[in-house]
Amino acid sequence: MNRKASRFLAYPYIIWMAGFTVIPLLMVFYYGLTDRSGAFTLANILAIGSSEHLKALWLSLMLAGVSTVICLVLAYPLALILSYPLAMILSKLKGNKSQLIVLIFIIPMWMNFLLRTMAWQTLLEKNGVINTFLTILHLPNIAIINTPAAIILGMVYNFLPFMVLPIYNTLAKI
Numbered sequence: 750m751n752r753k754a755s756r757f758l759a760y761p762y763i764i765w766m767a768g769f770t771v772i773p774l775l776m777v778f779y780y781g782l783t784d785r786s787g788a789f790t791l792a793n794i795l796a797i798g799s800s801e802h803l804k805a806l807w808l809s810l811m812l813a814g815v816s817t818v819i820c821l822v823l824a825y826p827l828a829l830i831l832s833y834p835l836a837m838i839l840s841k842l843k844g845n846k847s848q849l850i851v852l853i854f855i856i857p858m859w860m861n862f863l864l865r866t867m868a869w870q871t872l873l874e875k876n877g878v879i880n881t882f883l884t885i886l887h888l889p890n891i892a893i894i895n896t897p898a899a900i901i902l903g904m905v906y907n908f909l910p911f912m913v914l915p916i917y918n919t920l921a922k923i
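Residue numbers are given in the numbering used here: position 95 of the sequence shown equals residue 844, and the series is strictly consecutive.
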């Protein structure tokens, strides 16, 4: 393929990047630096220092930190199991099947993040699957939806594969 023709292959990516990265960033800057009438203002930037915004920032950082620590505590042993003992067991089998085990671990990542998060919401809501099951067993319902625990659960579930895979790759190379 000549150089001129190969340049056209980049155009769809450039359009995609402009439409879903550059334009939204420009909109954030525009709305951050203007008021409702469109006049320039720094009031939106100064509002970041208000107590409710700082409280939200602190809560977000705390939830992210707790989720990161939980992911690390869960990911390292899982990556270790995937890389060493499993590799030893699978090496005795015909062919190398460790890629299959890693693929099974990655398959849930193929679903959309929003879809996985909405599935947890369906499981945890007041009349959700978990509470319905608890009611059938005559156990008390849990009220976890819209709590920090539910947020941490969802974040750990969504981001655990992103922590396991780099650790696994590093351990597999060692």
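No residue lacks a Cβ here, since even glycine has one placed at the ideal position from N, Cα and C. Predicted model only: the values in this text are computed from it and were never measured.
Handout entry: Unbroken alpha helix (DSSP H) run spanning Phe-882, endpoints
Key = 878–885
Practice task
Alpha carbon to alpha carbon, how far is Ile-853 from Val-878? Give it in angstroms, no decimals.
Solution key: 25 Å
Problem - Proximity winner among Pro-889, Ile-893, Pro-826, Ala-892, relative to Pro-910 (alpha-carbon distances) - result: Pro-826
Handout entry: Buried versus exposed call for Met-860 [16 or more other C-beta atoms within 10 Å across all chains shown]
Key = exposed
Practice task
Measure the C-alpha to C-alpha separation of Leu-768 and Tyr-762 and round it to an integer number of angstroms.
Solution key: In the sequence under discussion, the amino acid at residue 768 is Gly, which differs from the Leu named in the question. One C-alpha to the other measures close to 10 Å.
Practice task
Would you decide whether Ser-832 is buried or exposed? Buried here means 16 or more other CB atoms lie within 10 Å of its CB.
Solution key: buried
Handout entry: C-beta atoms of Leu-782 and Leu-791 nearer than 9 Å
Key = yes
Problem - Separation of Ser-800 from Asn-880, as counted between CA atoms - result: 36 Å
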